[in-house]
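Numbering (the numbering used here), first residue to last: 1 to 138. Using N, Cα and C, we set each Cβ at its ideal position, and we do this for glycine too.
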Amino acid sequence: MVNIRKKYRREIHVSQYFPKLKYLHPVLGWLIFIHKNHAIGNKSHTLKFIAMKSAGSFLGGILAGAAIGAALALLYAPQSGEETRKALKKKISELEGELEALGSTLREKGVEIKDEVKKSIDDIEKKISKLRAEYAKH
């Protein structure tokens, strides 16, 4: 998988199509690039999968950083131990809710990807059977 990523990054650089995006996060650039390719009919599920995987790990990193930052802020806050523990429990329950929401979003995206892949496979099978029928005529 890593070789495929390097290959696409080398051949298709987002800044070629969107020069102002070179300073933004690469995930945003990939998503816009994929949207542009989808709009012109170039449906590349490999690129879409890589972008979604990168976006998921990026969001996971943000949530982990937020959780660690919140825990450290609460631990160094000028409160008593009991108040800090209560606040920490509250933050943990809030983060659990956010993680559940993120998990359901990721499950939905997984279902979407599965449906797109199934549709692509069906399209390819139809094209193959059409080509076989044309070949059988000759």
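Pairing A71 with L99 gives a Cβ-Cβ distance that is not under 8 angstroms.
Taking 8 angstroms as the cut-off, the Cβ atoms of L131 and L102 do not count as close.
Proximity to I92 across E125, G69 and Q79 peaks at G69, based on C-alpha coordinates.
Per the coordinates, the alpha-carbon of G110 lies some 15 angstroms from the alpha-carbon of S120.
Shown here for R107: not one same chain residue has a beta carbon closer than 8 angstroms to its own, the five before and five after excluded. A direct Cα-Cα distance of roughly 14 angstroms separates E125 from E116. Sequence-distant partners of A67 (beyond 5 residues in either direction) whose C-beta falls short of 6 angstroms from its own C-beta, in its chain, are L95.
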